[in-house]
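Here the sequence shown is numbered in the working numbering, starting from 2 and rising by one per residue.
Note that CB positions come from ideal geometry on N, CA and C, so glycine has one too.
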Amino acid sequence: MTVTNLTDMVEFILLGFSDLPNLQGVLFGIFLVIYMSILIGNGLILIITKVDPALQTPMYFFLGNFSFLEICYTSVTLPRMLMNLWSQKRHISLLACAVQLGFLLILGGTECLLLGVMAYDRYVAICKPLNYPMIMNHRVCVQLVVASWVSGVPVQIGQTYQIFSLPFCGSKKLNHVFCDIHPLFKVACGDISLNEFSVYADAVLFAMVPFLLIIGSYVKIISTILKLPSATGRSKAFSTCSSHLIVVALFFGSAIIMNLRPKSSQSEGIDKILALFYTIVTPMFNPLIYSLRNKDVIAAMKKIFQILVV
């Protein structure tokens, strides 16, 4: 395609759920409730892990950081979606789209790494309990969290710059609910094979490697638990890992299905649902998963509610 056929893109149009014109108000209400529940639920987890003396352990330190990350992650996409549904204006500038994608990639990579760190914490706690206080001291915990947050920043900024350095032509419409890589590739011109390779390399580094480390950790964890002589001990050990394992399955499961399934024009609706699943549904269920399956968290929440009532 020649340069004369290229369109100087200054904005895109996020189609979102424009194919459901009669449900815009309903969808706005649903997503508003979801966003508020994410803010309140993860906010409560963040507060109790900071103020409750019983929760000053590495596991809850990581959980508090994870809850804060979930708030940031959903805030990259949901407010814009709510604004588009409310105003019916779906235009997004090139710069705003680039910023949204950049933060989405940075926070998504951070989530993968932090889930890996949480799996390592459970591995040390169960497989090396005597050395746990020494290995997972506060300094190490802080270093692991900081590394999770900052290690992917330069790579993801570079990835975003590379994508938005592509020439865009033809339609300005992105058939998605937020600015994402695959919808942008569909309106890009020229050869994008190098960009696609870069995206897959990035996915291997920040998603597949942490996922494999999580799997490896849980293989050793389950093997250790099964060797415990007491049924009560086995049950208690499993309960400390089950919440994290459920969150891992939800997040990585939906992301893997979305990226490995065959791409076609008929699959764009399913892509939207899967994208919403790992960016919105998982953060929404995170507080429920950790609170309903954890007596310490439930007890801490009861203290908070009692203070608020009094």
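Relative to the Cα of Leu15, the nearest Cα in the group Ser199, Ile299, Lys273 belongs to Lys273. Of Gln163, Asn43, Asp181, Ile127, the smallest CA-CA separation from Gly234 is found for Ile127.
Comparing C-alpha distances from Thr75 to each of Val298, Ser218, Pro284 shows the shortest one belongs to Pro284.
At the C-beta level, Ser255 and Val282 come within 9 Å of one another. Residue pairing by DSSP places Ala189 opposite Phe169 in a beta bridge. When DSSP reads this structure, Ile14 sits in a beta bridge with His92, Lys174.
Inter-residue distance for Phe186 and Ala204 is about 16 Å (C-alpha atoms, whole angstroms). Each of Leu105, Phe169, Cys242 was checked against the Cα of Trp150, and the nearest Cα belongs to Leu105. Contiguous alpha helix (DSSP H) elements confined to the stretch 81-130 occur at 95-128, taking only those with 4 or more residues. For Lys221, the uninterrupted alpha helix (DSSP H) segment begins and ends at 210-227. Residue range 139-151 is occupied by the alpha helix (DSSP H) that includes Ser149. Residue environment analysis places Leu277 among the buried positions, since at least 16 neighbouring C-beta atoms fall within 10 angstroms of its C-beta. Boundaries for Phe278: no alpha helix (DSSP H) harbours it, and the DSSP string shows neither H nor E there.
Taking 9 Å as the cut-off, the Cβ atoms of Ile299 and Ile48 do not count as close.
Scanning Thr241, Lys173, Gln160 for the CA closest to the CA of Leu206 turns up Gln160. Collapsing the DSSP output to three states places Ser236 in a helix.
Burial check for Met119: the Cβ neighbour count within 10 Å reaches 16 or more, so the residue is buried. Here Phe165 is not near Leu86, since their CB atoms are 9 Å or more apart.
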